[in-house]
Amino acid sequence: MKLSYCAAILSLMLAGCATNSINDIYVNKAKSDKKVYKALKSIESLVAQASNNKGLTDKKRLLIKKEICNKANSNSLKNTPEATYMRAQCKNEIEITIQSRYEACKLFKKAAESDNFYSKEVQSQAMYSTGNCYVNGGFSTNKTLAFNWFKKSANLELAKAQSSVGFYLYWGKGVKENKERALYWFRLAAAQNNRQAELYLGKYYYYGDVHAKDYSQAFYWFQKAANKGSREAQYRLGESYQYSEGIKRDDLKSAFWYKKAAKQGHLKSGFITAKNYHYGNGTEKDLAQAFYWYKKVAEQDYEDAYLYLAEAYRLAQGTDKNFALALKWYLKAANGTDGFAEYQLGKLYYLGQGTTQNSDKAIMWLNQAKENGNRDARKLLIEIESL
Numbered sequence: 009m010k011l012s013y014c015a016a017i018l019s020l021m022l023a024g025c026a027t028n029s030i031n032d033i034y035v036n037k038a039k040s041d042k043k044v045y046k047a048l049k050s051i052e053s054l055v056a057q058a059s060n061n062k063g064l065t066d067k068k069r070l071l072i073k074k075e076i077c078n079k080a081n082s083n084s085l086k087n088t089p090e091a092t093y094m095r096a097q098c099k100n101e102i103e104i105t106i107q108s109r110y111e112a113c114k115l116f117k118k119a120a121e122s123d124n125f126y127s128k129e130v131q132s133q134a135m136y137s138t139g140n141c142y143v144n145g146g147f148s149t150n151k152t153l154a155f156n157w158f159k160k161s162a163n164l165e166l167a168k169a170q171s172s173v174g175f176y177l178y179w180g181k182g183v184k185e186n187k188e189r190a191l192y193w194f195r196l197a198a199a200q201n202n203r204q205a206e207l208y209l210g211k212y213y214y215y216g217d218v219h220a221k222d223y224s225q226a227f228y229w230f231q232k233a234a235n236k237g238s239r240e241a242q243y244r245l246g247e248s249y250q251y252s253e254g255i256k257r258d259d260l261k262s263a264f265w266y267k268k269a270a271k272q273g274h275l276k277s278g279f280i281t282a283k284n285y286h287y288g289n290g291t292e293k294d295l296a297q298a299f300y301w302y303k304k305v306a307e308q309d310y311e312d313a314y315l316y317l318a319e320a321y322r323l324a325q326g327t328d329k330n331f332a333l334a335l336k337w338y339l340k341a342a343n344g345t346d347g348f349a350e351y352q353l354g355k356l357y358y359l360g361q362g363t364t365q366n367s368d369k370a371i372m373w374l375n376q377a378k379e380n381g382n383r384d385a386r387k388l389l390i391e392i393e394s395l
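Counting from 9, one number per residue, gives the positions in the sequence shown under the working numbering.
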C-alpha cells in the first residue's frame with residue numbers, strides 16, 4: 009500500500025502538489041487499514057481546503073495545521089511512521105522552541121529508522137529531516153552523521169537530499185572531498201529540477217571542475233537556477249552579461265539580474281546595483297537609488313560600500329549632506345589601509361565638520377593617509393605645519 013506524500017506529509021506546509029489522490033493510489037483496503045485510509049482522507053481534505061484557498065489568513069492556516077496535527081495523533085495513525093513524521097513536523101512548525109526542536113528531531117529519527125513505511129517519499133523526507141537535525145539544530149552538530157542521513161535519503165531519490173550529498177562531497181563536509189562524485193549527485197538532483205544542483209552544475213562548467221571550462225554551459229545552468237529564484241545564480245547571470253561569459257554582453261540584462269539578486273539579499277549584487285545607479289551602468293543614473301543600495305549593504309557590513317556611503321553623506325549625493333554620518337562611515341572605511349578615507353577623516357577633524365575640531369586627530373589621520381600613499385594628505389600636512 010502506498011499513501012500520498014503530499015496529502016499525508018506536506019499538508020503541514022499547506023502546499024499543493026501534483027500527485028494522485030489517496031483514492032487513486034490506495035491499493036490495500038483490508039479491514040485493518042480502513043481507519044488509516046479514512047484518517048488520511050480527512051487530512052487530504054484539509055490540505056485541499058488550505059492549498060485551494062489563497063486568501064486564507066495566517067491565523068486560519070495555523071488552525072488548519074493544528075487540526076492536522078491532532079489527526080496525526082489519532083489512534084488510527086499514531087503507530088505509523090508517517091504519523092510519527094507528521095508529529096515531528098508539528099513540533100517543528102508550531103511549537104518552535106529549542107526543546108520542541110529536539111523532540112521533533114527525535115521523532116524524525118524514529119520515523120527515519122522505521123522499516124514499515126507506506127510511502128518511499130515520506131521515508132526519504134524523514135531521513136532528510138534527520139540529517140538536517142545534525143546541522144541546523146536539534147541534535148549536536150555532526151556533519152558526518154548529517155551526510156550519512158542525506159545519503160540514505162538521496163538513495164530514495166529525494167532531489168534536495170541528492171543535492172545535499174553533492175554539496176557535502178563538493179566541499180568535503182563530513183566526508184572526503186570528491187568533486188567528481190559530487191557531480192554525479194548534482195546531475196541526479198538537477199534532473200529533478202533542483203535549483204541548488206543547477207547552480208552547482210553551472211559552477212562546474214564555469215570553473216572547470218572535473219571537465220573543461222565551458223561558459224555557455226555555465227550560463228545555461230545558471231539561468232535555470234536563476235529562473236527558480238536562486239540569488240547566487242542571479243548574481244552569476246549578472247556577471248555573465250557584464251563580462252560576456254557564455255553570452256553576448258548586455259548591460260541592461262546585467263543590471264536587471266544584479267538587482268534581482270540584490271532584492272533577495274545578495275550583498276555583492278546590492279553593491280553593484282548601487283554602482284550601476286551611481287554611474288548609469290545598464291540603467292538610468294539615479295543617485296537616490298545609489299544611496300539606498302549603498303546604505304542597505306553597508307549596514308549589513310559589506311565593507312566595499314563604506315567609502316561610497318561616506319562620500320554620499322559628505323557630497324549630498326542622493327541624500328542630505330551630513331558630515332557626522334560621513335565621519336562615521338569614513339572611520340569604518342579607513343581600517344588602516346584606505347588612504348583616501350584617512351585623508352577625508354583628517355580634513356573633517358581639521359575643519360571641525362561633523363565633529364569637534366581636533367588638530368591632533370587630524371594630523372594622526374593625515375599621517376596615516378600619507379603613509380598609505382595619499383598625496384592630498386601630504387599637501388594638507390605641509391599646509392598645517394606652515395601655520
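C-beta atoms are modelled at their ideal positions from N, C-alpha and C, and glycine is treated no differently.
Relative to the C-alpha of residue i, which candidate in the options has its C-alpha closest?
i    : options                   : result
L313 : F279, G326, R322 and N284 : Before going further, note that residue 313 is Ala rather than Leu in the sequence given. Of F279, G326, R322 and N284, the residue nearest in Cα terms is F279.
Y300 : K283, T291, N289 and E311 : K283
A91  : Q133, R109 and D66        : Q133
Y178 : D294, N78, K211 and A167  : K211
N201 : A167, Y213, L315 and G273 : A167
K276 : K181, G362, N366 and E240 : E240
R322 : T345, L353, E307 and F194 : L353
F227 : S238, K236 and Y214       : Y214
F230 : G146, G216, E206 and K117 : E206
G146 : S108, A169 and V173       : S108
L153 : F348, D309, D66 and G182  : G182
A234 : A324, K221 and Q272       : Q272
Could you check where the alpha helix (DSSP H) with residue i kicks off and where it finishes?
i    : result
V130 : K128 to C141
I255 : Run containing I255: none; DSSP gives neither H nor E here.
G326 : Taken as a continuous stretch (DSSP letters only), G326 belongs to no alpha helix (DSSP H), as it is neither H nor E.
G354 : G347 to L359
L281 : One detail in the question is off: residue 281 reads as Thr in this sequence, not Leu. Note, T281: alpha helix (DSSP H), L275 to Y287.
T152 : K151 to N163
T92  : P89 to C98
A306 : L295 to A306
D222 : Here D222 belongs to no alpha helix (DSSP H), and DSSP marks it neither H nor E.
K267 : D259 to K271
L388 : R383 to S394
Using DSSP with H/G/I as helix, E/B as strand and the rest coil, what is residue i?
i    : result
D217 : coil
S122 : coil
A370 : helix
L209 : helix
G174 : helix
S238 : coil
E111 : helix
Y310 : coil
A199 : coil
Q231 : helix
Q376 : helix
F147 : coil
K184 : coil
Q365 : coil
E319 : helix
N343 : coil
L166 : coil
In or out: residue i buried (at least 16 other Cβ within 10 Å) or exposed?
i    : result
V218 : exposed
G381 : exposed
A96  : buried
D123 : exposed
E129 : buried
G254 : buried
E391 : exposed
Say yes only if the C-beta of residue i is nearer than 7 Å to one or more non-hydrogen atoms of the ligand HEM, and no if none qualify.
i    : result
K283 : This structure simply doesn't include the ligand HEM, nor any ligand for that matter.
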